[in-house]
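Below: the structure, in structure tokens.
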Amino acid sequence: MGESSGQGTGSHYTALPLEDCCKAHEGTLYIPAKALSIVWGNDVRYWRMIHLPKEEHYLEFDHAAELVQVNWLEVVCKLEWWKMEKSFFFFFDVEGLEPKTKMTYEISWVIKFNVDAFGWHNAPVKFKVPWEDEEGRVQWWTKEQNLEQYMKKGIGKGRWLELPGGEFTVDVCGKSAPVAFGLFETETDWWKGGLVVAGAKIKPKNFN
1 MGESSGQGTG SHYTALPLED CCKAHEGTLY IPAKALSIVW GNDVRYWRMI
51 HLPKEEHYLE FDHAAELVQV NWLEVVCKLE WWKMEKSFFF FFDVEGLEPK
101 TKMTYEISWV IKFNVDAFGW HNAPVKFKVP WEDEEGRVQW WTKEQNLEQY
151 MKKGIGKGRW LELPGGEFTV DVCGKSAPVA FGLFETETDW WKGGLVVAGA
201 KIKPKNFN
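For the sequence shown, full-length UniProt numbering begins at 1 and goes up steadily by one.
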């Protein structure tokens, strides 16, 4: 096994508690890389945690997860909503809402590619968010995107991007089920590297 890159005892990186490392600013919740679970993320042969320079702190993140190389990309966030409401009450702003009021939140991923990024030409990434239908069955919202397009246009390498990662709806006044979302590329054998994940952003979309 390679050297550990941080949180966890095995090869996979275990997310830190969200309430310990997230922050909210101007109506947006910022979830840093250290609050994400990353397959192979605890082995420096594949991933490493890096500090971002001060000039990039405008992103509201001070570190990021940098992909060295991997052929199984799986980065997941799990939100235990009732815990988040207690820690970030000023963000959720649920005071005065009627019971069972639902709110929809949008997810975006903050990423960039290093200048030496490789392996993305035939390895489309899937952004996934599970949800329950009216009969209580778990369904998956999935969006597939070829990230190579950003490098071909010359706008991705070395520059930060915000990519839509889906949305979810919760009962903001009750004990909603945990929310999970992530980005994946597990269907090809391509080795890929040079992706830098600063974290994810969540902001309210509307009331239902």
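Note that beta-carbon positions come from the ideal geometry of N, C-alpha and C, so glycine has one too.
The Cβ-Cβ distance between N114 and W191 does not fall below 8 Å.
A check of alpha carbon separations from F181 across M49, L67, D20, L36 identifies L36 as the nearest. With a contact defined as Cβ atoms closer than 8 Å, A123 and T188 qualify at about 5 Å. Distances from the CA of C77 to each of P17, T28, H25, V125 were compared; the closest alpha carbon is that of P17. Taking C-beta atoms as the reference points, I107 and A200 count as a pair closer than 8 Å. Counting along the chain, E19 sits inside the alpha helix (DSSP H) bounded by residues 18-21. The C-beta distance from E66 to V196 rounds to 5 Å, short enough to meet the 8 Å contact threshold.
In this structure, L73 keeps its C-beta atom at 8 Å or more from the C-beta atom of A64. Taking the CA atoms as reference points, Q69 sits about 43 Å from T101. Straight-line measurement puts the Cα of E167 at about 5 Å from the Cα of Y105. Residue Y13 holds the alpha-carbon nearest to the alpha-carbon of K34 among T28, V44, W140, Y13. Closest by C-alpha distance to Y150, out of K112, W131, Y30, is K112.
Looking only at V129, E135, R137, the smallest Cα-Cα distance to K143 is reached by V129. Residues of the same chain with a CB within less than 6 Å of the CB of A15, apart from the 5 flanking positions on each side, are A35, L36, S37 in chain order. Here the alpha carbon of G136 sits roughly 19 Å from the alpha carbon of L79.
In the three-state reduction of the DSSP assignment, L29 falls in the strand class.
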